[in-house]
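With our numbering, you'll find the sequence shown wraps up at 550, consecutive numbering, no jumps. Read through the structure below, which is laid out as C-alpha cells, and then see the notes.
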Amino acid sequence: MQPMQPAGEFDLHRISPKSGPGGPPQRPGQFRGGGRNRGSNPGPLGGGGIPAIVIPGIGQLPPIPPRVIKFIRKFGPLILIITLLFAVQYLLVSIYMNVRRIKSDVKEQCASLQADLNLTAWGHMEGVRNENWQQHRMVGRGTYGLVQWSAYRIQEGVVVGVGFGATLLRSHRKITSCTWHGADGVTILGDPSLHYPRDEPHEQYETIVIRCDLRGKVVTNLGGYLVVGIDNEHIILYREDRDSPTHSLLSSTHPYGASFCTYPMADPVDGARLRDWLHVHRAYGAEHVVGYDAGGVDRAALQEVKGFLDDRFLEVLPMRDVVHFRVQAQGKLMAMHDCLYRSTLTSSWVVFLDWDDIFHIISPPSLSELLSQHRNVPWLTYGCQVWGTKLCMGTKVSSRTKGLMPQERMTWHWPHFLCSEGDPPVDANFCPGTRGHRYIMANTAKVFLMGESEVVDPRTGGVDLSVESVRHERFENIHKRGADRDWCSEVYSEKDSVEWWVKDGKMQTRLEVIRKKVYAKESR
Numbered sequence: 027m028q029p030m031q032p033a034g035e036f037d038l039h040r041i042s043p044k045s046g047p048g049g050p051p052q053r054p055g056q057f058r059g060g061g062r063n064r065g066s067n068p069g070p071l072g073g074g075g076i077p078a079i080v081i082p083g084i085g086q087l088p089p090i091p092p093r094v095i096k097f098i099r100k101f102g103p104l105i106l107i108i109t110l111l112f113a114v115q116y117l118l119v120s121i122y123m124n125v126r127r128i129k130s131d132v133k134e135q136c137a138s139l140q141a142d143l144n145l146t147a148w149g150h151m152e153g154v155r156n157e158n159w160q161q162h163r164m165v166g167r168g169t170y171g172l173v174q175w176s177a178y179r180i181q182e183g184v185v186v187g188v189g190f191g192a193t194l195l196r197s198h199r200k201i202t203s204c205t206w207h208g209a210d211g212v213t214i215l216g217d218p219s220l221h222y223p224r225d226e227p228h229e230q231y232e233t234i235v236i237r238c239d240l241r242g243k244v245v246t247n248l249g250g251y252l253v254v255g256i257d258n259e260h261i262i263l264y265r266e267d268r269d270s271p272t273h274s275l276l277s278s279t280h281p282y283g284a285s286f287c288t289y290p291m292a293d294p295v296d297g298a299r300l301r302d303w304l305h306v307h308r309a310y311g312a313e314h315v316v317g318y319d320a321g322g323v324d325r326a327a328l329q330e331v332k333g334f335l336d337d338r339f340l341e342v343l344p345m346r347d348v349v350h351f352r353v354q355a356q357g358k359l360m361a362m363h364d365c366l367y368r369s370t371l372t373s374s375w376v377v378f379l380d381w382d383d384i385f386h387i388i389s390p391p392s393l394s395e396l397l398s399q400h401r402n403v404p405w406l407t408y409g410c411q412v413w414g415t416k417l418c419m420g421t422k423v424s425s426r427t428k429g430l431m432p433q434e435r436m437t438w439h440w441p442h443f444l445c446s447e448g449d450p451p452v453d454a455n456f457c458p459g460t461r462g463h464r465y466i467m468a469n470t471a472k473v474f475l476m477g478e479s480e481v482v483d484p485r486t487g488g489v490d491l492s493v494e495s496v497r498h499e500r501f502e503n504i505h506k507r508g509a510d511r512d513w514c515s516e517v518y519s520e521k522d523s524v525e526w527w528v529k530d531g532k533m534q535t536r537l538e539v540i541r542k543k544v545y546a547k548e549s550r
C-alpha cells in the first residue's frame with residue numbers, strides 16, 4: 027500500500043490512475059482510458075482520456091469538455107491566422123505612425139532652424155530670447171513668463187524690454203530684480219517694473235514691457251549686460267558692447283525727424299508695390315522706415331527694395347518666430363513698442379501704418395511742419411482703419427461728408443460685449459468710437475506705452491487730427507483707382523476716390539525725382 031499524499035499535493039510519478047478496477051498501474055506520464063468512459067471515479071486526470079489540470083495549493087480544475095477540444099482542433103489554425111493578421115496590421119500601423127511623427131519632428135526642427143537663421147539682432151543682441159522655450163517642440167502650447175523679446179536703452183540709466191508672456195500668468199507674474207553687470211566689474215541694482223500696454227483678450231500670449239531704472243549710474247561706453255529676475259527665472263534681458271552706438275546716440279540729437287513703422291507683414295508682399303510705397307512716403311517726409319517681416323517678405327521682395335536697404339532708409343526685421351505663439355494680430359502690439367523703443371534715440375516721432383496704406387499731408391504742407399507744430403503733445407492720431415464690410419456703417423455720401431476720403435466717412439463698430447451706442451463708448455480699449463480706429467504718431471520723448479490703432483484717451487493731452495490735416499487711403503486703390511472691393515465696396519466704387527493724389531502735380535514731380543535717384547543707384 028502506497029503512502030498517502032499530503033492534502034493539496036499531487037505527484038505524477040507516485041500516483042498512476044487505473045483504467046478499471048484491478049487494472050495494472052500505468053507508467054508515470056502514460057494516460058489510458060476509454061474516450062466515452064465517464065465513470066464516477068475518473069481519477070486525477072479526468073475521465074474520457076482528457077487531461078485534467080491540477081494546480082498545487084488549489085486542486086483539480088474542471089476538465090475541458092470534448093467539444094471545446096474539437097472546436098479548437100477545427101478552427102484553431104484559422105484563429106491563429108486571424109491573430110497573426112491583426113498583429114501584422116498593428117505593427118504596420120505603429121510603423122506608419124512612428125514615421126509620421128519622425129517626419130513631423132524633422133519638419134518642425136527644419137522650420138525652427140530656418141526661423142533661427144532668419145532671426146537677426148533685436149536691440150543690441152543677436153538672437154535675444156529666452157533659451158528655455160527652444161527645448162519644447164510645441165512652444166505655442168507652453169506657458170512661459172517671457173519669450174521673443176527685444177530690449178533697448180532709452181535713457182542713460184533706463185533699459186526697456188518688450189516681449190510676449192503667457193496671459194495665464196498675468197495674476198502671478200512678478201519681476202523681482204534687475205541688475206547691471208558692467209564690463210568694468212561694477213554691479214548696479216536697479217528698480218524693476220512691469221507694464222501691460224493693452225489687454226489682448228482671447229489669446230494665449232500678450233505683450234508685456236519690462237523697465238529697469240538704474241538711477242543714471244551706468245557708464246555707457248564700457249559695455250555690460252542687464253539681468254532681470256522674472257517668474258523665478260534670471261535672464262539676460264539686454265547686452266551692450268564696449269563703445270556701442272548707444273553711447274554716441276545718448277549724447278546727440280535725433281538724426282531723424284520722423285521714422286515710419288509698419289505693422290507685421292504676414293501676408294505675401296508685392297516687392298514692386300512695396301518699392302512704390304517707399305517712394306511715396308519718402309516724398310511725404312519719412313526719413314527712416316522700419317518693417318517687420320512676419321512671413322510675408324521673400325527674397326524677391328527684398329531685391330525690389332535693395333536700393334532703400336543699401337541707403338539705410340529701410341530696415342526689415344525678421345519676426346517670423348511669432349507663428350510659434352498665439353498672439354493678437356501677428357504681434358502688432360509688440361512690433362509697435364519695439365519700433366517706439368528702437369527709435370527713441372534716433373527719431374523725434376514714429377508714425378505707425380500698414381505698408382498697403384498711405385497718408386497724405388494736407389495742411390500744413392509738409393510732415394515736418396505738422397510735427398513741429400505739435401512738438402509739445404505726446405501723440406497724434408489720423409486716418410481710419412477698416413477691416414471688413416460688416417464693420418462699416420453709416421458710409422453713404424451726404425452733403426455733410428461730401429469731399430472727404432471714403433474711409434474717413436466710415437464708422438467702425440467693434441463687435442464686443444463691452445461696447446455701447448454712446449459716444450464716447452464705455453471702454454475705449456475695445457470700442458474706438460464713432461470715428462473708427464485711428465493710426466498713431468507718437469512723440470518718442472513723451473510716450474512710453476500706447477494702444478493699438480485706436481483713439482487714444484484725450485485726457486493724456488494728444489490731438490486727434492481731422493481730415494483737413496491728414497487724409498488716409500488704402501494704397502491698393504492708387505493702383506486700382508477705386509475699384510470695387512470687399513472692404514466697404516459701396517464706398518470704394520466711387521470714381522473720384524483717389525483723384526486728390528493723381529492730380530497733385532507737385533507731389534508727382536517730387537516723386538519722380540526720388541525715383542530717378544533710387545533707380546540710378548540700383549542700376550550701378
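For glycine and all other residues, C-beta sits at the position ideal for the given N, C-alpha and C.
{"Query": "Straight-line gap, tyrosine 170 to glycine 191 (C-alpha atoms, nearest Å)", "Result": "6 Å"}
{"Query": "For serine 398, the first and last residue of its enclosing alpha helix (DSSP H)", "Result": "393 to 399"}
{"Query": "Candidates Leu397, Asp380, Ile121 and Ala320, of which the one nearest serine 373 by Cα", "Result": "Leu397"}
{"Query": "Separation of asparagine 247 from glycine 208, as counted between CA atoms", "Result": "10 Å"}
{"Query": "Whether arginine 308 touches glutamate 330 by CB criterion (8 Å)", "Result": "no"}
{"Query": "Cβ-Cβ distance between valine 253 and threonine 193 below 8 Å", "Result": "no"}
{"Query": "Contacts around glycine 60, its chain only, beta-carbon distance under 6 Å, and the 5 residues preceding and following it disregarded", "Result": "Bear in mind that a pLDDT of 43 at glycine 60, under 50, signals an unreliable position, so the model cannot answer this."}
{"Query": "Reduced DSSP category for isoleucine 105 - H, G, I as helix; E, B as strand; rest coil", "Result": "helix"}
{"Query": "For methionine 362 and cysteine 238, the rounded distance between their alpha carbons", "Result": "20 Å"}
{"Query": "Span of the beta strand (DSSP E), counted from its first residue to its last, around glutamine 329", "Result": "Taken as a continuous stretch (DSSP letters only), glutamine 329 belongs to no beta strand (DSSP E), being part of the alpha helix (DSSP H) at 325 to 330."}
{"Query": "Where serine 446 falls: helix, strand or coil (DSSP)", "Result": "Residue placement at serine 446 is flagged as unreliable, the pLDDT there being 40, under the threshold of 50; a coordinate-derived value is accordingly withheld."}
{"Query": "Buried versus exposed call for glutamate 266 [16 or more other C-beta atoms within 10 Å across all chains shown]", "Result": "buried"}
{"Query": "Host alpha helix (DSSP H) of glycine 255 (start-end)", "Result": "Taken as a continuous stretch (DSSP letters only), glycine 255 belongs to no alpha helix (DSSP H), being part of the beta strand (DSSP E) at 250 to 256."}
{"Query": "Of the listed residues Gln399, Asn124, Leu111 and Leu276, nearest to valine 185 (C-alpha basis)", "Result": "Leu276"}
{"Query": "For alanine 468, three-class secondary structure by DSSP", "Result": "strand"}
{"Query": "Contact set for threonine 470: own chain, Cβ-Cβ below 7 Å, skip 5 residues either direction", "Result": "Leu366, Ser369, Thr370, Ser373, Ser374, Trp375 and Val376"}
{"Query": "Nearest residue (CA-CA) to glutamate 313, options Asp319, Arg299 and Leu335", "Result": "Leu335"}
{"Query": "Which of helix, strand or coil DSSP assigns to arginine 308", "Result": "helix"}
{"Query": "C-alpha gap between tryptophan 175 and glycine 487, whole angstroms", "Result": "30 Å"}
{"Query": "Whole-angstrom distance between tyrosine 222 and valine 316, CA atom to CA atom", "Result": "23 Å"}
{"Query": "Nearest neighbour of serine 270, chosen from Tyr251, Ile262 and Gln230 [CA to CA]", "Result": "Tyr251"}
{"Query": "Inter-residue spacing [alpha-carbon to alpha-carbon] between valine 212 and tryptophan 381", "Result": "45 Å"}
{"Query": "Cα-Cα separation between phenylalanine 57 and leucine 111, rounded to whole angstroms", "Result": "Residue placement at phenylalanine 57 is poorly supported in this model, since its pLDDT is 41, which falls under 50; the coordinates are not used for a value here."}
{"Query": "Reduced DSSP category for leucine 366 - H, G, I as helix; E, B as strand; rest coil", "Result": "helix"}
{"Query": "Beta-carbon proximity list for glutamate 229, same chain, < 6 Å, skipping 5 on both sides", "Result": "Arg352, Val353 and Gln354"}
{"Query": "Neighbourhood of alanine 326 by C-beta distance below 7 Å, restricted to the same chain and skipping five residues each side", "Result": "Gly297"}
{"Query": "Same chain, Cβ closer than 7 Å to leucine 340, five either side skipped, listed in chain order", "Result": "Leu304, Val315, Gly317, Val331 and Phe334"}
{"Query": "Span of the beta strand (DSSP E), counted from its first residue to its last, around phenylalanine 218", "Result": "Checking the displayed sequence, the identity of residue 218 turns out to be proline instead of phenylalanine. Run containing proline 218: 217 to 221, per the beta strand (DSSP E) assignment."}
{"Query": "Residue range of the unbroken beta strand (DSSP E) whose run includes phenylalanine 286", "Result": "282 to 288"}
{"Query": "Secondary structure of glycine 48, DSSP reduced to three states", "Result": "Interpretation of glycine 48 is limited by its pLDDT of 47, a score under 50 that renders its predicted location unreliable; the figure taken from the coordinates is listed afterwards. Coil at glycine 48, not helix or strand."}
{"Query": "Beta strand (DSSP E) segment containing tyrosine 170, residue limits", "Result": "No beta strand (DSSP E) contains tyrosine 170, which DSSP labels as neither H nor E."}
{"Query": "Histidine 400 and leucine 406 closer than 8 Å at C-beta", "Result": "yes"}
{"Query": "Rounded distance between the beta-carbons of glycine 187 and arginine 17, thought under 8 Å", "Result": "Residue 17 is absent from the model: the chain starts at 27 and stops at 550."}
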